[in-house]
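A.B. asks:
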Amino acid sequence: MTTTEVLPEPTADASAAPPEVADAAPLPWADVQAEHFKMLRLAPLATDRATGARPLRFVQFGYAERNDKHRSLLRMVIQLPGQRVRREQNHLDVWVDHDTHRVHFGPGNSLEIEPPNRGIGRFLVAQAAAWAKKHGGHYRVDGVDLANKDALNESTRLRRDHFLRVQGFDVAYADVQHLKGNVQPGKVSAVLDSWNTEKVQFVEILEAAQMLQQAEQNLLEQEVKLRKEEEKVTKFKREDSGLRFTITCLVAFTVFQAGLLIWIATHR
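If you read the sequence shown in UniProt numbering, its first letter stands for residue 1, the second for the next number, and so on.
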């Protein structure tokens, strides 16, 4: 014989989430998508041994902002024309908690950028810092454990640490192998809101239109030059054909003369 315990009906007090559960509740604005967009120009750079060729590229910077009395959110994405990236790539969130005076960068513990080594990471962090300073320059930035996968390759780790330190973050390690790294908590005011403007530049609509107009003009000029060169090549081909015919005739006449002289010499 078995017995089944009957659970009591939850009351209003019993159904209330404990403080721990309330703190772990998901953050709002999970479905927020980028609403404002700007064009960025990635300057052409020398080929890098680790990341390969770095030609001129244009990408789209999108962002959205939400605010209430408890929190503020800045969500930023980088979109590549004709190329899809993973959800965690080219994505940076900045959360501001006005109740605890804290700022958190997310969504994960690493900033994955495609294409790499083009200045996009510093650009996004600089935008995040400038926005966070407007909402709480005296707030504290949460520390975060760094992803171990970035430390497996020494050059990748050094590039990551240099990027973080240049932007004003303090990187520390709990082991001599430099595998267990973390970003120390610090002030929002210590994070730099500048980036390498020679690598990443905003492109306004009028400027983009002017660039397209200039590119079309250059293309037309190149077509005119190409047509002139083709005409020169055609002329040279005609002259070459004439010269070949003349040479052929001279050779035939020379052979005929030689044969004639031989015949005269042998029939005297």
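Positions of the beta carbon are idealized from the N, C-alpha and C atoms, including for glycine.
So, is residue 17 buried or exposed, given that buried needs 16 or more other C-beta atoms within 10 angstroms?
C.D. replies: On the sequence shown, residue 17 is found 17 positions in, with the first residue counted as 1. The predicted model places residue 17 with a pLDDT of 41, which falls under 50 and marks its position as unreliable; any figure quoted below should be read in that light. So residue 17 counts as exposed.
A.B. asks: Please determine if the region 193 to 212 and the region 120 to 130 are in contact, where contact requires at least 3 C-beta pairs separated by less than 8 Å.
C.D. replies: With a cut-off of 8 Å, the region 120 to 130 and the region 193 to 212 count as touching, because enough Cβ pairs lie within range.
A.B. asks: Indicate the three-state DSSP secondary structure (helix, strand or coil) for residue 177 in the structure shown.
C.D. replies: Here residue 177 refers to the residue found at position 177 when the sequence shown is read from its first residue. Note: residue 177 maps to coil in three-state DSSP.
A.B. asks: Please go through the region 100 to 132 and give each complete beta strand (DSSP E) segment of 3 or more residues, from N-terminal end onward.
C.D. replies: 102 to 106, all fully within the region 100 to 132.
A.B. asks: Closer than 8 Å is the cut-off here; do at least three beta carbon pairs connect the region 68 to 87 with the region 236 to 243?
C.D. replies: no
A.B. asks: What number of angstroms, rounded off, separates the C-alpha of residue 45 from the C-alpha of residue 244?
C.D. replies: Here the question's residue 45 lines up with position 45 in the sequence shown. Here the question's residue 244 lines up with position 244 in the sequence shown. When rounded, the distance between both Cα atoms is 49 Å.
A.B. asks: Residue 154 to residue 220, Cα distance in whole Å?
C.D. replies: As a working mapping, residue 154 is identified with position 154 in the sequence shown. As a working mapping, residue 220 is identified with position 220 in the sequence shown. Taking the straight line joining both Cα atoms gives about 49 Å.
A.B. asks: Give me, in chain order, the residues of the same chain whose beta-carbon lies closer than 6 Å to that of residue 104; leave out the 5 immediate sequence neighbours on both sides.
C.D. replies: Translated into the one-based positions of the sequence shown, residue 104 becomes position 104. Taken in chain order, the residues that qualify are 95, 142.
A.B. asks: Rounded to the nearest angstrom, what separates residue 136 and residue 184 at their Cα positions?
C.D. replies: The count along the sequence shown starts at 1 and reaches residue 136 at position 136. The count along the sequence shown starts at 1 and reaches residue 184 at position 184. If I take the Cα positions, the gap works out to 18 Å.
A.B. asks: Would you call the region 87 to 102 and the region 46 to 54 in contact, with 3 or more CB pairs under 8 Å?
C.D. replies: With a cut-off of 8 Å, the region 46 to 54 and the region 87 to 102 do not count as touching, because too few Cβ pairs lie within range.
A.B. asks: Could you say if the region 54 to 63 and the region 25 to 43 meet the contact criterion of at least three C-beta pairs nearer than 8 Å?
C.D. replies: yes
A.B. asks: With distance defined between alpha-carbon atoms, name the residue in 33, 132, 116 nearest to residue 72.
C.D. replies: Counted from its first residue, the sequence shown places residue 72 at position 72. Among 33, 132, 116, the Cα nearest to that of residue 72 belongs to 132.
A.B. asks: Hey, could you find the ends of the beta strand (DSSP E) residue 49 is sitting in?
C.D. replies: For the purposes of this step, residue 49 is identified with residue 49 of the sequence shown, where counting begins at 1. Note, residue 49: premise wrong, no beta strand (DSSP E); not H, not E.
A.B. asks: Is DSSP giving residue 206 helix, strand or coil here?
C.D. replies: If you number the sequence shown from 1, residue 206 lands on position 206. Of the three classes helix, strand and coil, the one that applies to residue 206 here is helix, per DSSP.
A.B. asks: Measure from the alpha carbon of residue 166 to the alpha carbon of each residue in 56, 203, 121, 29, then state which is nearest.
C.D. replies: What you label residue 166 is simply residue 166 of the sequence shown in a count that begins at 1. Closest in C-alpha terms to residue 166, from the list 56, 203, 121, 29, comes 121.
A.B. asks: Roughly how many angstroms separate the alpha carbons of residue 144 and residue 161, rounded to a whole number?
C.D. replies: One-based indexing of the sequence shown puts residue 144 at position 144. One-based indexing of the sequence shown puts residue 161 at position 161. About 13 Å.
A.B. asks: How many Å lie between residue 216 and residue 228 at the Cα?
C.D. replies: Within the sequence shown, the letter at position 216 stands for residue 216. Within the sequence shown, the letter at position 228 stands for residue 228. Going by the C-alpha atoms only, they are around 19 Å apart.
A.B. asks: Have a look at residue 65 and residue 134 and give me their C-alpha separation to the nearest angstrom.
C.D. replies: Within the sequence shown, the letter at position 65 stands for residue 65. Within the sequence shown, the letter at position 134 stands for residue 134. Between the alpha carbons of residue 65 and residue 134 lies a gap of roughly 13 Å.
A.B. asks: Between residue 70 and residue 98, what straight-line distance do the alpha-carbon atoms span, to the nearest angstrom?
C.D. replies: Working through the sequence shown from its first residue, we reach residue 70 at position 70. Working through the sequence shown from its first residue, we reach residue 98 at position 98. Distance between the alpha carbons of residue 70 and residue 98: 5 Å.
A.B. asks: Alpha carbon to alpha carbon, what distance is there between residue 206 and residue 213?
C.D. replies: Here the question's residue 213 lines up with position 213 in the sequence shown. Here the question's residue 206 lines up with position 206 in the sequence shown. One C-alpha to the other measures close to 10 Å.
A.B. asks: Run through the region 182 to 253 for me and flag every whole beta strand (DSSP E) of 3 or more residues, listed as ranges in chain order.
C.D. replies: 200 to 203
A.B. asks: Taking the C-alpha atoms as reference points, what is the distance between residue 252 and residue 242?
C.D. replies: Within the sequence shown, residue 252 is the residue found at index 252, counting from 1. Within the sequence shown, residue 242 is the residue found at index 242, counting from 1. Cα to Cα, residue 252 sits roughly 15 Å from residue 242.
A.B. asks: Which one or two residues does DSSP pair with residue 95 in a beta bridge?
C.D. replies: As a first step, residue 95 must be located in the sequence shown, where it is residue number 95. According to DSSP, residue 95 bridges with 73, 104.
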